[in-house]
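Undergrad: Would you mind keeping the following structure in view while I ask a few things?
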Amino acid sequence: MNVENTQVQMRKGILEYCILHIISRGEVYASDMLEELTSARIIVVEGTLYPLLTRLRKAGLLEYKWVESTSGPPRKYYKLTDDGKSFLSKLEETWDELMYSTNQIISKNKKESK
Numbered sequence: 001m002n003v004e005n006t007q008v009q010m011r012k013g014i015l016e017y018c019i020l021h022i023i024s025r026g027e028v029y030a031s032d033m034l035e036e037l038t039s040a041r042i043i044v045v046e047g048t049l050y051p052l053l054t055r056l057r058k059a060g061l062l063e064y065k066w067v068e069s070t071s072g073p074p075r076k077y078y079k080l081t082d083d084g085k086s087f088l089s090k091l092e093e094t095w096d097e098l099m100y101s102t103n104q105i106i107s108k109n110k111k112e113s114k
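Each residue of the sequence shown is one higher than the one before, starting from 1 at the first, in UniProt numbering.
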């Protein structure tokens, strides 16, 4: 079994959650999201981000607006809808539960190895 494949799947599993968190801070440009996700080692390619943003928008969780740029073409800025805020809140509850459960299991392994 290839550990890198599992690591990629783990990152993909939390990508949507991380994107919604980034956008929850306020209107954000896609390349800024990409930069933050890349620096956090969650995502490294545009081809993953843009289809996910489109899917989230079609699901009614995001909306965007075009803003003129002084340094090039207009930019698309994303923000959460009310449904997106509610969705993120539910994901936060799930994340907290998963973190708690995972830490319970991991801490048993650490105690047993001492």
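Built from N, CA and C at the ideal position, the CB exists for glycine as well.
1) Is the separation between the beta-carbon of K79 and that of I23 shorter than 8 angstroms?
2) So which of E27, M1, Q7, K12 has the shortest CA-CA distance to K76?
3) To the nearest angstrom, how far is it from the Cα of Y64 to the Cα of K110?
4) Secondary structure at L80, three-state DSSP: helix, strand or coil?
5) From what residue to what residue does the alpha helix (DSSP H) around E36 run?
6) Taking L62 as part of the alpha helix (DSSP H), name the residues at either end of that continuous run.
7) Measuring alpha carbon to alpha carbon, tell me which residue in L98, E46, S107 is nearest M10.
8) From Y31 to I19, what does the alpha carbon distance come to, in whole angstroms?
9) If I follow the unbroken alpha helix (DSSP H) through G13, where does it start and stop?
10) Can you list, in chain order, the residues of its chain with a C-beta nearer than 7 angstroms to that of G60? Leave out the 5 residues immediately preceding and following it.
11) Rounded to whole angstroms, what's the CA-CA distance from L40 to L34? Just pull it up for me.
TA: Here's the rundown:
1) Numbered from 1 along the sequence shown, position 79 holds the residue referred to as residue 79. Numbered from 1 along the sequence shown, position 23 holds the residue referred to as residue 23. Taking 8 angstroms as the Cβ cut-off, K79 and I23 qualify as a contacting pair.
2) Along the sequence shown, one-based indexing puts residue 76 at 76. Considering only alpha carbons, the answer is E27.
3) Indexing the sequence shown from 1 puts residue 64 at position 64. Indexing the sequence shown from 1 puts residue 110 at position 110. Counting only the Cα atoms, K110 lies some 46 angstroms from Y64.
4) By one-based count along the sequence shown, residue 80 stands at place 80. DSSP places L80 in the strand class (E or B) of the three-state scheme.
5) Within the sequence shown, numbered from 1, the residue matching residue 36 stands at position 36. E36 -> alpha helix (DSSP H) spans 30 to 39.
6) Translated into the one-based positions of the sequence shown, residue 62 becomes position 62. Segment 62 to 69 is the beta strand (DSSP E) holding L62; no alpha helix (DSSP H) there.
7) Within the sequence shown, the letter at position 10 stands for residue 10. Selected option, being the one with the closest Cα: L98.
8) Position 31 of the sequence shown, counting from 1, holds the residue named residue 31. Position 19 of the sequence shown, counting from 1, holds the residue named residue 19. The identity of residue 31 in the sequence shown is Ser, whereas the question assumes Tyr. Rounded to the nearest whole angstrom, the CA to CA distance from S31 to I19 is 12 angstroms.
9) The residue given as residue 13 occupies position 13 in the sequence shown. In the DSSP annotation of this structure, the continuous segment of the alpha helix (DSSP H) that includes G13 starts and ends at 3 to 24.
10) The residue given as residue 60 occupies position 60 in the sequence shown. For G60, where only same-chain residues beyond five positions count, the Cβ hits under 7 angstroms are T81, D83.
11) For this step, residue 40 is matched to residue 40 along the sequence shown. For this step, residue 34 is matched to residue 34 along the sequence shown. Residue identity check: residue 40 is Ala in the sequence provided, not Leu. The straight-line gap from Cα to Cα measures roughly 10 angstroms.
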